[in-house]
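Numbers given in my numbering equal positions in the sequence shown, counted from 1, plus 24. Okay, structure first, notes after.
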Amino acid sequence: MEETDLEVIWVQVRPRRLPRSVPVIALGVIYHPPCKNNKQGSDAMLTHLITRVDTILNHQPQAGILLCGDLNGLPLKRLQTAHPTLKQIVKQPTRGAAILDVVITNLAQNYNKPQIIPPIGNSDHACVLLKSGIPAVKHPTVRVPRRVVTPHRKREFEIALAVQDWTEVFEAVSVHDKVAKFYAILTSLQDTHCPVKMSPVRTNDKGWFTERVKKAIEKRQTEFQRHGKTQMWRSLRNKVNTAIRQAKNWHYRHCIQQLRGEAPRKWWESINRELGRSGSSGRVTITDELSAESISQYFAKAGCESESLYIFPLPFAGVCPDLCSIGEVKVLLKTTNPRKASGPDNVPNWVLKDCAEDLAPVVCHLFNTSYAKGTVPSVWKSANVVPVPKAAGASQVEDFRPVSLLAVLAKLLERCILKRLLPALTMVIRDQYAYMKGSSTTLALEVDKMP
Numbered sequence: 025m026e027e028t029d030l031e032v033i034w035v036q037v038r039p040r041r042l043p044r045s046v047p048v049i050a051l052g053v054i055y056h057p058p059c060k061n062n063k064q065g066s067d068a069m070l071t072h073l074i075t076r077v078d079t080i081l082n083h084q085p086q087a088g089i090l091l092c093g094d095l096n097g098l099p100l101k102r103l104q105t106a107h108p109t110l111k112q113i114v115k116q117p118t119r120g121a122a123i124l125d126v127v128i129t130n131l132a133q134n135y136n137k138p139q140i141i142p143p144i145g146n147s148d149h150a151c152v153l154l155k156s157g158i159p160a161v162k163h164p165t166v167r168v169p170r171r172v173v174t175p176h177r178k179r180e181f182e183i184a185l186a187v188q189d190w191t192e193v194f195e196a197v198s199v200h201d202k203v204a205k206f207y208a209i210l211t212s213l214q215d216t217h218c219p220v221k222m223s224p225v226r227t228n229d230k231g232w233f234t235e236r237v238k239k240a241i242e243k244r245q246t247e248f249q250r251h252g253k254t255q256m257w258r259s260l261r262n263k264v265n266t267a268i269r270q271a272k273n274w275h276y277r278h279c280i281q282q283l284r285g286e287a288p289r290k291w292w293e294s295i296n297r298e299l300g301r302s303g304s305s306g307r308v309t310i311t312d313e314l315s316a317e318s319i320s321q322y323f324a325k326a327g328c329e330s331e332s333l334y335i336f337p338l339p340f341a342g343v344c345p346d347l348c349s350i351g352e353v354k355v356l357l358k359t360t361n362p363r364k365a366s367g368p369d370n371v372p373n374w375v376l377k378d379c380a381e382d383l384a385p386v387v388c389h390l391f392n393t394s395y396a397k398g399t400v401p402s403v404w405k406s407a408n409v410v411p412v413p414k415a416a417g418a419s420q421v422e423d424f425r426p427v428s429l430l431a432v433l434a435k436l437l438e439r440c441i442l443k444r445l446l447p448a449l450t451m452v453i454r455d456q457y458a459y460m461k462g463s464s465t466t467l468a469l470e471v472d473k474m475p
């Protein structure tokens with residue numbers, strides 16, 4: 025915007041970094057000459073400034089206003105009466121003993137005290153240097169390992185797995201050696217085609233700030249920096265708003281909503297934290313008082329130590345029938361949910377599901393060998409125990425519950441064994457109701473009531 029009768033230029037400024045409460049800055053550069061420093065000239069300038077500021081704030085109520093220039097003693101009381109948020113922040117003389125060069129803004133709290141520095145060239149006006157007073161807050165970042173899985177890398181991994189030679193696994197003697205070689209080959213292929221990279225995660229991120237939201241924001245910002253506010257940018261902006269709204273709704277329903285009736289105090293703490301009224305982080309961090317060791321000891325109390333039962337040696341029946349076929353293993357691998365977390369073997373579920381055709385023969389061999397030898401590899405008996413907060417704002421070990429992540433192949437082996445043993449068990453044990461298909465513990469109560 026430019027005024028022809030008055031020496032005023034208006035510029036809309038949108039830096040890359042602004043306070044969240046300020047969407048844009050309207051910069052007005054003013055020169056009010058001494059010859060117009062009369063009632064008529066002053067009224068014209070003040071009327072123009074008041075009208076322009078009204079127009080800007082009507083369009084952008086949260087806009088920042090920054091008026092600067094040589095006003096030559098223009099009375100500012102009328103402008104500040106019309107807009108009380110505007111303040112003149114230059115308090116030192118800029119020409120002789122007079123303050124002729126001023127800075128008027130509604131963002132006075134965001135700037136440091138203006139500095140008066142020597143004039144440029146032969147000018148008799150000192151320069152006014154204005155710097156931002158908002159310190160650059162650097163939140164600590166935690167780097168977590170993540171595999172780089174792109175469609176191209178995934179396709180290369182599947183091709184390499186399809187031509188992989190599993191002779192080492194089939195020729196190994198013990199079950200432990202077979203499983204160790206299997207995981208060594210699989211891990212080597214993953215590291216080659218889908219390497220692990222450290223990704224930064226900020227500790228001040230909200231609980232709903234997921235990877236999906238981050239990627240949507242990154243695409244929107246990239247489009248804005250390259251081409252500005254295009255139609256594509258508007259489309260990406262709408263997708264970001266949708267992703268944020270869905271993430272917030274999911275986070276509230278699953279992490280906060282139940283607290284309203286159970287623990288109103290914690291519900292209010294969670295609400296205030298999400299609204300930015302609390303300085304605490306949205307993510308739970310483990311402190312010295314709440315260390316992993318203390319959580320482990322608390323979870324260990326739930327178990328009971330008992331001596332293993334003595335099982336007398338059974339005579340070997342000769343050739344042991346196979347536990348499962350390649351077709352059965354292939355079906356089990358294809359039913360793996362790729363969205364669930366992997367266990368201590370660190371094999372992503374998408375590898376087992378998408379590469380079921382190539383993995384079925386070797387996995388079937390491992391299952392049958394483990395069944396025939398009566399030995400379960402140690403990696404299939406271990407688990408990653410993750411402490412999950414029972415409610416938002418957990419701070420004590422009692423506020424966490426353990427969730428065990430087993431190796432997916434171990435769970436598939438259990439399903440194969442259950443399929444073989446369950447028909448025989450139902451013939452021997454007729455009073456088993458829990459963990460039975462088509463039955464429940466409620467049914468046991470009903471049967472007990474029958475005469």
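For each residue, glycine too, the CB sits at the ideal point set by N, CA and C.
Local conformation of ALA435 per DSSP, three classes: Within the sequence shown, numbered from 1, the residue matching residue 435 stands at position 411. First, the amino acid is wrong: residue 435 is Lys here, not Ala. Helix at LYS435.
For PRO385, the first and last residue of its enclosing beta strand (DSSP E): To locate residue 385, count along the sequence shown from 1; it is residue 361. No beta strand (DSSP E) contains PRO385, which is instead part of the alpha helix (DSSP H) from 380-397.
Residue nearest to ALA434 in terms of C-alpha spacing, selected from CYS388, PRO39 and PRO108: For the purposes of this step, residue 434 is taken as the residue at position 410 of the sequence shown. Residue CYS388 is the option with its Cα nearest to ALA434.
Residue span of the alpha helix (DSSP H) that contains GLY351, given as start and end: As a position in the sequence shown, residue 351 is number 327, starting the count at 1. From DSSP, the alpha helix (DSSP H) with GLY351 extends over 350-358.
Exposed unless 16 or more other CB atoms sit within 10 angstroms - verdict on MET552: Because the chain in this structure spans residues 25 to 475, residue 552 falls outside the shown range and cannot be described.
Terminal residues of the alpha helix (DSSP H) in which GLN321 lies: Position 297 of the sequence shown, counted from the first residue, corresponds to residue 321. Note, GLN321: alpha helix (DSSP H), 316-324.
Residue nearest to SER45 in terms of C-alpha spacing, selected from GLY88, ASN96 and GLN245: Residue numbering aside, residue 45 sits at position 21 when the sequence shown is read from its first letter. For the set GLY88, ASN96 and GLN245, the Cα lying nearest the Cα of SER45 is the one of GLY88.
Buried versus exposed, by CB contacts within 10 Å (16 or more), LYS239: Taking the first residue of the sequence shown as position 1, residue 239 is located at position 215. Result: exposed.
DSSP state of TYR457 mapped onto helix, strand, coil: The residue labelled residue 457 in the question sits at position 433 within the sequence shown. DSSP places TYR457 in the coil class of the three-state scheme, outside both helix and strand.
Nearest-angstrom beta carbon gap, ILE74 and LEU95 [assumed within contact, 8 Å]: On the sequence shown, position 71 is the one that residue 95 refers to. On the sequence shown, position 50 is the one that residue 74 refers to. Incorrect: roughly 14 Å between the Cβ atoms, too far for contact.
ARG269 to LYS230 span [Cα, whole Å]: Position 245 of the sequence shown, counted from the first residue, corresponds to residue 269. Position 206 of the sequence shown, counted from the first residue, corresponds to residue 230. Answer to the nearest angstrom: the Cα atoms are 13 Å apart.
Distance CB(THR109)-CB(ASN130) smaller than 9 Å: Stepping through the sequence shown from its first residue, residue 109 is reached at position 85. Stepping through the sequence shown from its first residue, residue 130 is reached at position 106. Going by C-beta atoms, THR109 is nearer than 9 Å to ASN130.
Backbone CA spacing between ALA132 and LEU153 [nearest angstrom]: The residue given as residue 132 occupies position 108 in the sequence shown. The residue given as residue 153 occupies position 129 in the sequence shown. ALA132 and LEU153: Cα-Cα distance of roughly 14 Å.
Which listed residue (LYS358, VAL32, ASN134 and SER259) has its alpha carbon closest to that of GLY157: Here residue 157 is taken as the residue at index 133 of the sequence shown, counted from 1. Taking only the C-alpha atoms, the option nearest GLY157 is ASN134.
ASN265 burial status per 10 Å Cβ neighbour count (16 or more: buried): Within the sequence shown, the letter at position 241 stands for residue 265. So ASN265 counts as exposed.
Nearest neighbour of PRO219, chosen from ARG171, THR191 and ALA365 [CA to CA]: Along the sequence shown, read from residue 1 onward, the residue named residue 219 stands at position 195. Minimum Cα-Cα distance from PRO219 among the listed residues ARG171, THR191 and ALA365 corresponds to ARG171.
Bounding residues of the beta strand (DSSP E) (the contiguous stretch that carries GLU31): Start at 1 with the first residue of the sequence shown, and residue 31 comes out as number 7. Unbroken beta strand (DSSP E) run through GLU31: 31-37.
Rounded separation between MET460 and ARG167 - CA only: Residue mapping note: residue 460 aligns to position 436 of the sequence shown, counting from 1. Residue mapping note: residue 167 aligns to position 143 of the sequence shown, counting from 1. MET460 and ARG167: Cα-Cα distance of roughly 44 Å.
Beta-carbon spacing of GLU31, PRO58 below 9 Å: Residue 31 sits at position 7 when you count from the first residue of the sequence shown. Residue 58 sits at position 34 when you count from the first residue of the sequence shown. Cβ distance not < 9 Å, so GLU31 and PRO58 don't count as in contact.
LYS205 to VAL193 span [Cα, whole Å]: Taking the sequence shown and counting its residues from 1, one reaches residue 205 at position 181. Taking the sequence shown and counting its residues from 1, one reaches residue 193 at position 169. The alpha-carbon separation between LYS205 and VAL193 amounts to approximately 6 Å.
THR399 to CYS279 span [Cα, whole Å]: Start at 1 with the first residue of the sequence shown, and residue 399 comes out as number 375. Start at 1 with the first residue of the sequence shown, and residue 279 comes out as number 255. Cα to Cα, the separation comes out at about 41 Å.
Assigned exposure category for ALA150 - 16 Cβ within 10 Å defines buried: In the sequence shown, the residue the question calls residue 150 occupies position 126. The residue in question, ALA150, is buried, as its Cβ has 16 or more Cβ neighbours within 10 Å.
Reference LYS60, options GLN84, SER394, GLN456 and GLY97, closest by Cα: For the purposes of this step, residue 60 is taken as residue 36 along the sequence shown, with counting starting at 1. Ranking GLN84, SER394, GLN456 and GLY97 by Cα distance to LYS60 puts GLY97 first.
Boundaries (first-last residue) of the beta strand (DSSP E) holding SER428: Position 404 of the sequence shown, counted from the start, is the residue given in the question as residue 428. That run of the beta strand (DSSP E) goes 424-430.
Beta strand (DSSP E) segment containing ARG171, residue limits: Start at 1 with the first residue of the sequence shown, and residue 171 comes out as number 147. Start and end: 165-171.
Cutoff 6 Å; reference HIS107; Cβ partners in own chain excluding five residues on either side: Taking the first residue of the sequence shown as 1, we reach residue 107 at position 83. Once the five neighbours on either side are set aside, the close Cβ partners of HIS107 are VAL77.
Residue span of the beta strand (DSSP E) that contains ASP481, given as start and end: Here the chain has residues from 25 to 475 only, and residue 481 is not among them.
Reference ILE350, options LEU446, PHE391, ILE295 and GLY367, closest by Cα: The residue given as residue 350 occupies position 326 in the sequence shown. Among LEU446, PHE391, ILE295 and GLY367, the Cα nearest to that of ILE350 belongs to PHE391.
Coarse secondary structure for CYS344, derived from DSSP in three states: The residue given as residue 344 occupies position 320 in the sequence shown. The DSSP-derived three-state label of CYS344 is coil.
Separation of THR465 from HIS217, as counted between CA atoms: Reading the sequence shown from its first residue, position 193 is the one you call residue 217. Reading the sequence shown from its first residue, position 441 is the one you call residue 465. Their backbone Cα atoms lie some 48 Å apart in a straight line.
Cβ pair GLU410, ALA384 closer than 9 Å: The residue given as residue 410 occupies position 386 in the sequence shown. The residue given as residue 384 occupies position 360 in the sequence shown. Sequence check: residue 410 is Val here, not Glu. No, Cβ-Cβ distance for VAL410 and ALA384 is not below 9 Å.
Coil, strand or helix - PRO224 by DSSP: Working through the sequence shown from its first residue, we reach residue 224 at position 200. Correct three-state label for PRO224: strand.
Whole-angstrom C-beta distance between GLU182 and ASP378, which should lie under 8 Å: Numbered from 1 along the sequence shown, position 354 holds the residue referred to as residue 378. Numbered from 1 along the sequence shown, position 158 holds the residue referred to as residue 182. That pair is a contact at about 7 Å.
Whole-number beta carbon distance between VAL53 and ILE33, since they are thought to touch under 8 Å: Reading the sequence shown from its first residue, position 9 is the one you call residue 33. Reading the sequence shown from its first residue, position 29 is the one you call residue 53. Contact holds; Cβ gap of about 5 Å.
Nearest residue (CA-CA) to GLN321, options LEU210, LEU356 and ARG425: Stepping through the sequence shown from its first residue, residue 321 is reached at position 297. Answer by Cα proximity: ARG425.
Buried versus exposed, by CB contacts within 10 Å (16 or more), LEU283: Here residue 283 refers to the residue found at position 259 when the sequence shown is read from its first residue. LEU283 comes out buried.
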